[in-house]
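A.B. asks: Per the numbering used here, the sequence shown starts with residue 45, numbered consecutively. Please find one structure pasted underneath; my questions will follow.
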Amino acid sequence: MNVQARFEVNGTLIFRTNTRMIWGDSSESLGCCLLLNPGSSLPLGYTEQKLIEKRIYEGQAELDDTMKQIARFVERISPGEPNGVFTIYNLFNLRNPESEDAIDHLRTKVLQGTVELEHSLAPITELNRHPWILLGWGCKQLSKIHPLQKIKKKWIERIEDSKLCYFGYQNMKGDYYHPLPRGDKEEIIKQYILQYKKAIC
């Protein structure tokens with residue numbers, strides 16, 4: 045399995061889009077997920093400084109810990125060896141492995157008008173190519189007026205308009221646990237499998 049992604053640099057900010065985890069040689073979608081934002085993955089063989097100097101890169105990327113956890117889930121629900129493409133979407137595309145810092149940074153950039161959250165939304169025609177979407181943007185408590193609340197709502201509306209089957213492991217407030225928790229990593233996979241089966245995707 046390998047990862048393909050596009051990286052773009054704006055000043056010192058790194059954005060990652062078009063992230064795909066690829067097994068085998070089929071172009072068929074295995075599913076997709078919606079997370080918070082891109083984490084630590086960089087272009088394969090690159091340092092952050094080298095990427096900033098290059099500005100734009102599209103090609104093979106490193107497999108980070110979140111991707112490894114997603115791969116475990118995909119492989120567990122597949123009847124045999126997976127053969128296809130799993131797409132990773134994010135509520136916002138600003139790369140930052142520290143979620144709290146990323147959220148604070150995002151709010152500042154949105155208020156400054158330098159980041160447009162709607163750019164992360166996938167078109168319905170693209171979502172229709174997937175059999176299902178796993179929601180896992182995390183459970184950090186946010187104010188009702190935080191920009192992320194608006195984009196969460198827009199994503200759910202877009203997913204429902206596309207009639208795409210969706211699921212995740214929810215907390216009491218309706219947010220979805222991230223696939224890479226600080227605690228038991230096996231337990232979250234078990235919960236994802238349970239929710240996947242309940243959704244009959």
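We treat Cβ as the ideally placed atom computed from N, Cα and C, and that holds for glycine.
Hey, could you find the ends of the alpha helix (DSSP H) G243 is sitting in?
C.D. replies: What you label residue 243 is simply residue 199 of the sequence shown in a count that begins at 1. In the sequence as presented, Gly is not what sits at residue 243; that position holds Ala. Per DSSP, A243 belongs to the alpha helix (DSSP H) from K229 to A243.
A.B. asks: Would Q239 and F211 be called neighbours here (beta carbons separated by less than 7 Å)?
C.D. replies: The sequence position of residue 239 within the sequence shown is 195, counting from 1. The sequence position of residue 211 within the sequence shown is 167, counting from 1. Yes, they are a contact pair.
A.B. asks: Could you tell me which residues DSSP puts in a beta bridge with M65?
C.D. replies: Locating residue 65 in the sequence shown gives position 21, counting from the first residue. Paired residues: V47 and F130.
A.B. asks: I'd like to check one pair, R50 with E102: are the Cβ atoms closer than 7 Å?
C.D. replies: Within the sequence shown, the letter at position 58 stands for residue 102. Within the sequence shown, the letter at position 6 stands for residue 50. Yes.
A.B. asks: Classify A146: buried if its beta carbon has 16 or more other beta carbons within 10 angstroms, exposed otherwise.
C.D. replies: Within the sequence shown, the letter at position 102 stands for residue 146. Flag for A146 reads buried.
A.B. asks: Nearest to R139 by CA position, among L171, E170, N54 and G89, is which residue?
C.D. replies: Numbered from 1 along the sequence shown, position 95 holds the residue referred to as residue 139. Comparing Cα positions, the closest option is N54.
A.B. asks: With C-beta atoms as the reference, is V118 less than 7 Å away from L74?
C.D. replies: Residue 118 sits at position 74 when you count from the first residue of the sequence shown. Residue 74 sits at position 30 when you count from the first residue of the sequence shown. Result yes, Cβ atoms of V118 and L74 sit closer than 7 Å.
A.B. asks: Hey, N81 and N137 are a contact pair by Cβ (cut 8 Å); roughly how many whole angstroms apart?
C.D. replies: The residue you call residue 81 lines up with position 37 of the sequence shown. The residue you call residue 137 lines up with position 93 of the sequence shown. Contact holds; Cβ gap of about 7 Å.
A.B. asks: Please work out which residues of its chain come closer than 6 Å, Cβ to Cβ, to D248, disregarding the five sequence neighbours upstream and downstream, and give them in chain order.
C.D. replies: Coverage of the chain is limited to positions 45 through 245, which leaves residue 248 absent and any answer about it impossible.
A.B. asks: Please list the terminal residues of the continuous beta strand (DSSP E) segment that includes L178.
C.D. replies: Looking up residue 178 in the sequence shown gives position 134. W176 to L179 is the span of the beta strand (DSSP E), which, as asked, contains L178.
A.B. asks: If you draw a straight line from the C-alpha of D148 to the C-alpha of R116, how long is it?
C.D. replies: Residue numbering aside, residue 148 sits at position 104 when the sequence shown is read from its first letter. Residue numbering aside, residue 116 sits at position 72 when the sequence shown is read from its first letter. In this model, D148 and R116 are separated by some 30 Å (Cα to Cα).
A.B. asks: Hey, quick one: how far does the beta strand (DSSP E) through F211 stretch, first residue to last?
C.D. replies: Within the sequence shown, numbered from 1, the residue matching residue 211 stands at position 167. Bounds of the beta strand (DSSP E) holding F211 are C209 to F211.
A.B. asks: Based on the DSSP output, what are the partners of E102 in its beta bridges?
C.D. replies: Sequence index remark: in the sequence shown, residue 102 carries index 58 (1-based). Paired residue(s): R50.
A.B. asks: Count the other CB atoms within 10 Å of the CB of T169; is the residue buried (16 or more) or exposed (fewer)?
C.D. replies: As a first step, residue 169 must be located in the sequence shown, where it is residue number 125. Its Cβ having fewer than 16 others within 10 Å, T169 is exposed.
A.B. asks: Beta carbon of D108, beta carbon of S85: below 7 Å?
C.D. replies: The count along the sequence shown starts at 1 and reaches residue 108 at position 64. The count along the sequence shown starts at 1 and reaches residue 85 at position 41. Yes.
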